[in-house]
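Numbering (our numbering), first residue to last: 1 to 456. Heads up, the beta-carbon is just placed ideally off N, CA and C, and yes, glycines get one too. Remember, it's a predicted structure, so these values are computed and weren't measured experimentally. Since the structure comes first, as structure tokens, the remarks are kept for the end.
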């Protein structure tokens, strides 16, 4: 039995035989609008790079006060440090869904410009090396802004990188769900229903791969078997949305072991085409809308609605076009990432290159999957930001869903936006002069009932 935790190789034409599939994970529950969420910051402890005077203690940002006047004693204040920071220790590991920051209201609003919110497991150097949730471009006097993260960690840091500055925060609120490492995983496959592209004969039903039997002999009727399809697939419907932690697959033992070589495991929200267009990742997390916690207990709710890839239904644009690489090719449904790049969008080499999808109305975005070009070193996508919001002309005004820290050639990586709402999806390489190339962008979401707050 093989336990897979990395992307598979390119698919091949073959018969598919699976003896046993185990899917291990935890059920996630739908976000409901009337839930009152607990501000986790009130439970934590805080520190900062320095303290300007007795009015600016680090704890003032988590005292629950709405006052934005520094002289009231409810705001933090560092000295003019090089890369000042403020750090919150949540004392436990959480899946942080949102962070709210309130700026100083009596003066000096520009000091917070360019501050970064970072979340992770390292307390070292104030946590400034932890992964980035978002960037505070600017806040007006006393303004509160919300940043959607969907990141796991114990430490939440606000830092102003690469310049001497005073850091003042009048309130920081953190919302999320505790990650329990002690909660046992169960084989979710036993609860689901299965199907496949075809069935070779009466011995090879799709359900045989989730019957709980450890027999690896096909003649025992405990293995699935398709015909020689192009391409063959086997699909498991978990019936609810789960945080999938591990997938285990057992191959046939009586013959033909090589037939499974190159098979891909895909996990996502779309049942179309057997789920073969879902992101090609293992050990990944299906979008966690949220888990509602009230008085320490989980409340049972209905699962979230299914979300399909809505990108091909709408129009795409980009900052410029290089050769035949128009923006529409990133949403044409082809995951082709060959060296020629004929099915990929590509901009010219320029400052802050961007690609944009207009969904025509507000959508609740659960996840976004990005496929890079397959050849080495062409138009590297490292550092690109994925943004979701309602600004059509200024990508900087749209909140960050995720940042592409790195991608291998031809890789598909998913970013979980945790229900961010917006009309426009931007992918941009900020603060650099490069070419942006995208072979496919899949946007999984559902329309909202609320009118769009469109900004021209």
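_Three Cβ pairs or more, each shorter than 8 Å: is that satisfied between the segment 103-122 and the segment 51-60?_
Under the Cβ criterion (8 Å, minimum of three pairs), the segment 103-122 does not count as touching the segment 51-60.
*Name the DSSP bridge partner or partners of residue 145?*
Note: residue 145 is bridge-paired with 101 in the DSSP secondary-structure output.
*Can you list, in chain order, the residues of its chain whose CB lies under 6 Å from that of residue 294, leaving out five sequence neighbours each side?*
Because the pLDDT at residue 294 is just 24, under 50, the model does not fix this residue reliably, and the value given afterwards should be weighed accordingly. Counting only Cβ-Cβ distances below 6 Å, and skipping sequence neighbours, we find nothing.
*Does the beta-carbon distance from residue 227 to residue 210 come in below 9 Å?*
9 Å or more divides the Cβ of residue 227 from the Cβ of residue 210.
*Say whether the segment 422-440 touches the segment 393-404, bearing in mind that this needs 3 or more beta-carbon pairs closer than 8 Å, one atom from each stretch.*
The answer is yes - the segment 393-404 touches the segment 422-440, with three or more Cβ pairs under 8 Å.
*Alpha-carbon spacing of residue 413 relative to residue 407, whole angstroms*: Their backbone Cα atoms lie some 8 Å apart in a straight line.
_Along the chain, where does the beta strand (DSSP E) containing residue 134 start, and where does it finish?_
132-136 is the span of the beta strand (DSSP E), which, as asked, contains residue 134.
*Between the segment 63-75 and the segment 208-225, do at least 3 Cβ pairs fall closer than 8 Å?*
By the C-beta criterion, the segment 63-75 is judged not to be in contact with the segment 208-225, since fewer than 3 inter-stretch pairs fall below 8 Å.
*How would you write the range of the beta strand (DSSP E) that residue 466 sits in, first residue to last?*
Missing from the structure shown is residue 466; the chain here goes from 1 to 456 and no further.
*DSSP-derived helix/strand/coil call for residue 212*: Judged by DSSP in its simplified three-state form, residue 212 adopts coil rather than helix or strand.
*Taking the beta strand (DSSP E) that residue 196 falls in, what are its first and last residues?*
Note, residue 196: beta strand (DSSP E), 193-196.
*In terms of residue numbering, what span does the beta strand (DSSP E) encompassing residue 420 cover?*
Start and end: 412-428.
*Which residues bound the beta strand (DSSP E) around residue 315?*
In the DSSP assignment, residue 315 falls within the beta strand (DSSP E) that extends over 315-318.
_Limits of the beta strand (DSSP E) - the one that residue 174 falls within_ = For residue 174, the uninterrupted beta strand (DSSP E) segment begins and ends at 171-178.
*Continuous beta strand (DSSP E) assignments of at least 3 residues falling wholly in the segment 198-277*: The qualifying runs are 234-237, 242-250.
_Buried versus exposed, by CB contacts within 10 Å (16 or more), residue 367_ = By the beta-carbon neighbour count (other beta carbons within 10 angstroms, threshold 16), residue 367 is buried.
*Once you ignore the five residues that flank residue 404 on each side, which residues in its own chain have a CB closer than 6 Å to its CB?*
Spatial neighbours of residue 404 in its own chain (CB-CB distance under 6 Å, excluding positions within 5 residues in sequence) are listed in chain order as 381, 384.
*Is any heavy atom of the ligand FAD found at a distance shorter than 8 Å from the C-beta of residue 119?*
Because no ligand of any kind appears in the structure shown, any question about the ligand FAD cannot be addressed here.
*Looking at the structure shown, is residue 389 part of a helix, part of a strand, or coil, going by DSSP?*
Annotated three-state conformation of residue 389 is strand, per DSSP.
*asked:* Quick check: the Cα distance between residue 33 and residue 233, rounded to an integer number of angstroms?
replied: Because residue 33 sits at a pLDDT of 31, beneath the cut-off of 50, its placement in the model cannot be relied upon, and the following sentence gives the value as read from the coordinates. Whole-angstrom Cα-Cα distance: 38 Å.
*Of all the beta strand (DSSP E) runs that stay within the bounds of the segment 37-118, which reach a length of 3 or more residues?*
Within the segment 37-118, the complete beta strand (DSSP E) runs of at least 3 residues fall at 45-48, 85-102.
*Decide if the segment 311-325 is in contact with the segment 428-445; the criterion is three or more beta carbon pairs, one per stretch, under 8 Å apart.*
Yes: at least three Cβ pairs fall under 8 Å.
_If contacts are defined as beta-carbon pairs under 8 Å, then residue 168 and residue 118 qualify, I think. What distance do you get, rounded to the angstrom?_
In fact, because the Cβ distance is near 18 Å, the residues do not count as touching under 8 Å.
*Report the three-state DSSP secondary structure of residue 190 (helix, strand or coil).*
Reduced to three states, the DSSP call for residue 190 is helix.
*Tell me whether residue 384 sits in a helix, a strand or coil according to DSSP, three-state version.*
Taken through DSSP and simplified to helix, strand or coil, residue 384 comes out as coil.
*May I have the straight-line CA-CA distance separating residue 362 from residue 77, to the nearest angstrom?*
The straight-line gap from Cα to Cα measures roughly 38 Å.
_Which same chain residues end up closer than 6 Å to residue 386 when comparing Cβ atoms and leaving out the 5 residues on each side of it in sequence?_
If we look at residue 386 and ignore the five residues flanking it on each side, its Cβ neighbours are 368, 401, 402, 415, 427.
*Taking only beta-carbon atoms, is residue 328 less than 9 Å away from chain B?*
In the structure shown, chain B cannot be found, because there is only a single protein chain.
_DSSP three-state label for residue 443, please._
The answer is strand: DSSP assigns residue 443 an E or B state.
*Who are residue 155's beta bridge partners in DSSP?*
Looking at the DSSP assignment, residue 155 forms a beta bridge with 89, 120.
_Close beta carbons around residue 164, own chain, < 6 Å, minus the five adjacent residues each side_ = When the five nearest sequence neighbours on each side are left out, the beta carbons in the same chain lying within less than 6 Å of the beta carbon of residue 164 are those of 80, 82, in order along the chain.
_Assigned exposure category for residue 344 - 16 Cβ within 10 Å defines buried_ = Result: buried.
_residue 397 (DSSP reduced to helix, strand or coil)_ = Residue state, collapsed to three classes: helix.
_Under 9 Å between C-beta atoms of residue 179 and residue 277_ = Not closer than 9 Å, so no.
*Find the nearest neighbour of residue 154 within the set 311, 269, 392, 41, judged by alpha-carbon distance.*
The shortest Cα separation from residue 154 among 311, 269, 392, 41 belongs to 41.
*From the DSSP output, in three-state form, read off residue 325 for me.*
Of the three classes helix, strand and coil, the one that applies to residue 325 here is coil, per DSSP.
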